[in-house]
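So the structure is just underneath, and the comments pick up after that.
Below is the structure:
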């Protein structure tokens, strides 16, 4: 009889989520399953909306090229914090709680999609060109008729030129210059020497001759970059195309003007024909995929650890004051970054600290879900976990974007 009672007690302890649990473990587990079911639906909805925003290019074009799009973008940015208030007050009022949660999730999904669409999109800014009417131009005193190339308006010049955005701005503007084939006029690595030189003869007589340094500068520096920037695959195989690009890059290196790996890769990708668009797109989406994978690893591992630690008597409620203070510091530094840009290194540090802080929020909110939330707070519990996952993903996305640039 005693042995049977001990067995019942041991069995009951194994079902408990944490020591000295007074409520029914079955009810708490049902609450947890409901919360994670809602969270999974939110994640699926976010993935669908974000993928639509990223891959349907007219959507980000609308936000960046029209005044109405800018107004809608501002509304999307401020809508989630506004919806948190009615979501909290309606969290126990069915069906309004689900309706407000759906609006909140959709608005956050658009924010995620736009963040992904604007991340490194300048790398896939393939020059889109159309032939305009034929005109005449003078090249080396010879007049010939040719068809000029005109760039179709695109969304890739949205980056504000600032001291911390020079590399991103350069990457965004170079494809336009490449498309018009004027790179050799505006992007030189060596100062332009005088085209002619004056040679003094006997007495006061002088003669004007061509400067050989100018010819060397034009042929080996400017013309070399022009050939690399206007490289075309044509009928070449991919290995031959790469070797041709390497030949032009080696020529520049031989005169001390070696282009960097990032510059060479940008030229190679931008000059591929349209059938390779999927390749270029896959390269530019690498950062988004990396951020998503890292977010999944962080969320799953921290959730499993929290359940394991809580079952062994750990309590994470002490994190509350520290996380609240850290969040205020993040907000203040974010405002400083808006008005006084502090550079790429600061963005990397800021994003890394933000990801760690929101990982702490994930542990804290999971601990609350296991121990403290009432059974009617499933909407608010799901929204809290969703916000944690959302912020971890965006922080990692900004970190990887800053590191890659």
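In our numbering, the protein residues as written are 1 to 405.
Glycine is no exception: its CB is placed at the ideal position from the N, C-alpha and C atoms.
{"Item": "Do the segment 74-83 and the segment 358-366 meet, that is, are 3 or more Cβ pairs less than 8 Å apart?", "Value": "no"}
{"Item": "Using 8 Å as the threshold, is the C-beta distance between residue 348 and residue 298 below it?", "Value": "no"}
{"Item": "Hey, which unbroken runs of the alpha helix (DSSP H) at 4 residues or more fall wholly within the segment 306-389?", "Value": "319-339 and 344-371"}
{"Item": "In terms of residue numbering, what span does the beta strand (DSSP E) encompassing residue 207 cover?", "Value": "206-210"}
{"Item": "Is DSSP giving residue 198 helix, strand or coil here?", "Value": "strand"}
{"Item": "Report the option in 51, 118, 398 and 45 whose CA atom is closest to the CA atom of residue 105.", "Value": "45"}
{"Item": "By Cβ distance, which residues of its chain are closer than 8 Å to residue 77, with the 5 residues on each side in sequence left out?", "Value": "111"}
{"Item": "Is residue 211 close to chain B, meaning its C-beta is less than 8 Å from at least one C-beta of that chain?", "Value": "Among the chains in the structure shown there is no chain B, since it carries only a single protein chain."}
{"Item": "Do residue 291 and residue 387 come within 8 Å of each other at the CB atom, strictly closer than that value?", "Value": "no"}
{"Item": "Sorted by chain position, which residues of the same chain lie with C-beta nearer than 6 Å to residue 213's C-beta, five sequence neighbours on each side aside?", "Value": "193"}
{"Item": "Give the secondary structure of residue 232 by DSSP, where H, G and I count as helix, E and B as strand, and everything else as coil.", "Value": "coil"}
{"Item": "Just reading off the alpha helix (DSSP H) that residue 88 is part of, what are its end residues?", "Value": "67-89"}
{"Item": "Is any heavy atom of the ligand FMN found at a distance shorter than 7 Å from the C-beta of residue 23?", "Value": "Of ligands this structure carries none, so the ligand FMN is not represented either."}
{"Item": "State buried or exposed for residue 306, treating a residue as buried only when at least 16 other CB atoms are found within 10 Å of its CB.", "Value": "buried"}
{"Item": "To the nearest angstrom, how far is the alpha carbon of residue 374 from that of residue 88?", "Value": "14 Å"}
{"Item": "Out of 392, 369, 391 and 389, which has the shortest C-alpha to C-alpha gap to residue 381?", "Value": "369"}
{"Item": "Taking 7 Å as the limit between beta carbons, can you name the residues of its chain near residue 196, skipping five residues before and five after?", "Value": "208, 209, 210 and 211"}
{"Item": "Assign residue 23 to one of three DSSP states: helix, strand, or coil.", "Value": "coil"}
{"Item": "For residue 249, does the count of other Cβ atoms within 10 angstroms reach 16, so buried, or fall short, so exposed?", "Value": "buried"}
{"Item": "Do the segment 351-358 and the segment 321-338 make contact, defined as three or more Cβ pairs closer than 8 Å?", "Value": "yes"}
{"Item": "By DSSP, does residue 271 sit in helix, in strand, or in coil?", "Value": "coil"}
{"Item": "Go ahead and label residue 33 buried or exposed: buried means 16 or more other beta carbons lie within 10 angstroms of its beta carbon, across all protein chains shown.", "Value": "exposed"}
{"Item": "Among 53, 60 and 115, which has the Cα closest to the Cα of residue 398?", "Value": "115"}
{"Item": "With three or more beta-carbon pairs closer than 8 Å as the criterion, would you say the segment 89-105 touches the segment 18-35?", "Value": "no"}
{"Item": "Does the separation of the CB atoms of residue 287 and residue 400 fall below 8 Å?", "Value": "yes"}
{"Item": "Taking the alpha-carbon positions, what's the residue 150 to residue 245 distance?", "Value": "Per-residue confidence for residue 150 stands at a pLDDT of 37, beneath the threshold of 50, marking its modelled position as unreliable; the derived number appears in the next sentence. If you take the alpha carbons of residue 150 and residue 245, they lie about 25 Å apart."}
{"Item": "Measuring straight from C-alpha to C-alpha, what distance separates residue 346 and residue 335?", "Value": "13 Å"}
{"Item": "Excluding the five sequence neighbours on either side, which residues of its own chain have a C-beta within less than 6 Å of the C-beta of residue 117, listed in chain order?", "Value": "53, 54 and 60"}
{"Item": "Using beta-carbon positions only, say whether residue 107 and residue 70 come within less than 8 Å of one another.", "Value": "no"}
{"Item": "Expressed to the nearest angstrom, what Euclidean distance is found between the alpha-carbon atoms of residue 406 and residue 311?", "Value": "Since the first residue of the chain shown is 1 and the last is 405, residue 406 is not available in this structure."}
{"Item": "If you follow the alpha helix (DSSP H) that residue 106 is in, where does it begin and where does it stop?", "Value": "96-118"}
{"Item": "Quick check: the Cα distance between residue 313 and residue 47, rounded to an integer number of angstroms?", "Value": "36 Å"}
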